[in-house]
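Have a look at the structure below, then the notes.
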Ligand SMILES: [Zn+2]
């Protein structure tokens, strides 16, 4: 039986909203029909729609990491998040913890179309949220492109001039040069620290050096003259951005943007040294990414296959494979293991040539589009209601303005006008959010196709992305002795679900 947490939210100043009781009741009906156990109920009651305070929501996100529930049930998707940016972020958080979001009213189900739709919507939401962050960051990036200091303590070896550009601090720069040249001659961190202390050098904050600070310095490309601006360190939306997004595209690197303290050759020498010394026995223990874990099955006994690594042959070459779990456990199956590389490449080729072939995409996109239209209907109903409300408020405002214009000034007009302005702003915000929700929940056929098509070159994506794409679109892989069957979540021949 699946375990679920309920999340309900209510703003007392919005009469149109279902009460918390009504939301919870509808969700309970749903859990009874679907055999789901409710383990916890989180409720936020907002005093005013203009103040956003959701302690229980954040607690629920936090708790999702503890494994107490598999689902979060909401009455309607807009209970879950205020806007698409929020939604994308928190959905990802839940997903990371293997918790799925289910909206009772929008009736997100487990049909293949729904699963794909959800991932498409998520992808599009992610795209939007990236764009938003980009907008916010524009100003900072402009500063960055001029190679200026964007805040905080400058790195050891540099000072910041009045116009915010970096200048070399000669005394500190000598310490930096010493650190690099000693490391290039294979000195360990302890020896370097000893020498720095002996010569009386201190860190930027005036402390003695530690191993971590030495490591940070040796890794910092700025010393070789590369200006680096990293968006993850910046603030988004006024709050500290803790998402720890550190994708390459978010990092600005400008060669020659900093006054160099050491030359490129020395910097590279040190990097080589450091990556070599890391490759001890620990590096060999690095975990492989098994792209097919959880969806690959043995064609002989039907059992699942699991990733396996062993060293074989005279050269003790590492051999990675998938092996039948029954064979591994007690030799009750005689299926041979299959090369990890071979079976993964086969599945990736299948995806590329069959599932993401232009013709198949047409077909899948149409199915998803129909599904999305159906779901967006519910959200679209809000828009005309808010629009009507807004027209009503505007009319009242106009009446007062006209009354004042024709000389009918009255002391009560002022406070009445203030009230109306507040109401107007609140409804405008709701209308805006409803439009955003509607937009993101009803992607155009063209956008769905584009989104699907970007997976076509799956071969060139990162391992993480490959795994995500495979786990979304491949239902299962069955390994036989002479062939490999790949089942997608949508049956491309028939009408309905996969096989
Ligand atoms: Zn087997």
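In the working numbering, the protein residues as written are 31 to 529.
Virtual Cβ for every residue (Gly too), placed ideally from N, Cα, C.
To the nearest angstrom, report how far apart residue i and residue j are at their CA atoms.
| i | j | result |
| --- | --- | --- |
| residue 410 | residue 474 | 15 Å |
| residue 391 | residue 131 | 26 Å |
| residue 440 | residue 446 | 10 Å |
| residue 203 | residue 197 | 10 Å |
| residue 95 | residue 124 | 8 Å |
| residue 321 | residue 498 | 8 Å |
| residue 287 | residue 199 | 16 Å |
| residue 512 | residue 518 | 20 Å |
| residue 50 | residue 253 | 58 Å |
| residue 31 | residue 97 | 14 Å |
| residue 465 | residue 480 | 22 Å |
| residue 396 | residue 521 | 13 Å |
| residue 376 | residue 367 | 15 Å |
| residue 40 | residue 89 | 17 Å |
| residue 435 | residue 75 | 41 Å |
| residue 394 | residue 92 | 35 Å |
| residue 103 | residue 52 | 14 Å |
| residue 178 | residue 432 | 53 Å |
| residue 378 | residue 346 | 28 Å |
| residue 241 | residue 220 | 7 Å |
| residue 418 | residue 106 | 22 Å |
| residue 217 | residue 231 | 17 Å |
| residue 414 | residue 388 | 37 Å |
| residue 258 | residue 478 | 35 Å |
| residue 294 | residue 306 | 18 Å |
| residue 194 | residue 237 | 25 Å |
Quick one: measure Cβ to Cβ for residue i and residue j, integer angstroms, because I've assumed they're closer than 8 Å.
| i | j | result |
| --- | --- | --- |
| residue 72 | residue 35 | 6 Å |
| residue 66 | residue 101 | 7 Å |
| residue 99 | residue 126 | Between residue 126 and residue 99 the Cβ distance is about 14 Å, and since that is not below 8 Å, they are no contact. |
| residue 416 | residue 483 | At roughly 35 Å, the Cβ-Cβ gap does not stay under 8 Å, so residue 416 and residue 483 are not in contact. |
| residue 291 | residue 206 | 5 Å |
| residue 398 | residue 150 | 6 Å |
Would you call residue i buried or exposed, if buried means 16 or more other Cβ atoms sit within 10 Å of its Cβ?
| i | result |
| --- | --- |
| residue 401 | buried |
| residue 341 | exposed |
| residue 182 | exposed |
| residue 38 | buried |
| residue 304 | exposed |
| residue 452 | exposed |
| residue 457 | buried |
| residue 449 | exposed |
| residue 462 | exposed |
| residue 510 | exposed |
| residue 460 | buried |
| residue 476 | exposed |
| residue 526 | Confidence at residue 526 is low in this model, with a pLDDT of 41, below 50, so its placement is unreliable and the value that follows should be read with caution. Residue 526 should be labelled exposed. |
| residue 228 | exposed |
| residue 121 | buried |
| residue 62 | exposed |
| residue 516 | buried |
| residue 492 | exposed |
| residue 87 | buried |
| residue 226 | buried |
| residue 224 | exposed |
| residue 348 | exposed |
| residue 438 | exposed |
| residue 278 | Caution is warranted here: a pLDDT of 49 is assigned to residue 278, below 50, making its placement in the model unreliable, and the coordinate value is therefore given only provisionally. Its Cβ having fewer than 16 others within 10 Å, residue 278 is exposed. |
| residue 192 | exposed |
Considering only residues of the same chain and omitting the five flanking positions on each side of residue i, which have a CB-CB separation below 6 Å?
| i | result |
| --- | --- |
| residue 331 | 356, 363 |
| residue 443 | 430 |
| residue 500 | 321 |
| residue 33 | 67, 69, 99, 100 |
| residue 81 | With a pLDDT of only 46 at residue 81, under 50, the local geometry of the prediction cannot be trusted, and the value read off the model is given with reservation. There are no such residues. |
| residue 333 | 354, 355, 356 |
| residue 255 | 286, 288, 290 |
Between residue i and the rest of its own chain, which residues show a CB-CB distance below 8 Å, the 5 nearest in sequence each way excluded?
| i | result |
| --- | --- |
| residue 454 | 420, 423, 424, 427 |
| residue 25 | Only positions 31 to 529 of the chain appear in the structure, and residue 25 is not among them; the question remains open. |
Kindly list the residues whose CB is nearer than 7 Å to the CB of residue i, restricted to its own chain and excluding five residues on each side of it in sequence; keep chain order.
| i | result |
| --- | --- |
| residue 313 | Low confidence applies here, because residue 313 scores a pLDDT of 43, under 50, leaving its location unreliable; read the following figure in that light. So no residue of the chain qualifies. |
| residue 369 | 351 |
| residue 222 | 209, 212, 213, 244 |
| residue 176 | none |
| residue 233 | 186, 239, 243 |
| residue 374 | 321, 322 |
Exercise. Kindly confirm or deny that the segment 497-507 and the segment 325-341 touch, where touching means at least three C-beta pairs closer than 8 Å.
Key: yes
Quiz item: When the Cβ atoms of the segment 184-198 are set against those of the segment 245-255, are three or more pairs found closer than 8 Å?
Solution: yes
Quiz item: Per the contact definition of three or more C-beta pairs closer than 8 Å, is the segment 212-224 in contact with the segment 295-305?
Solution: yes
Exercise. Report yes or no: do the segment 346-354 and the segment 329-337 share at least 3 C-beta pairs separated by less than 8 Å?
Key: Enough Cβ pairs lie closer than 8 Å, so yes.
Quiz item: Taking one C-beta from the segment 475-490 and one from the segment 373-386 each time, how about it: are there three or more such pairs within less than 8 Å?
Solution: yes
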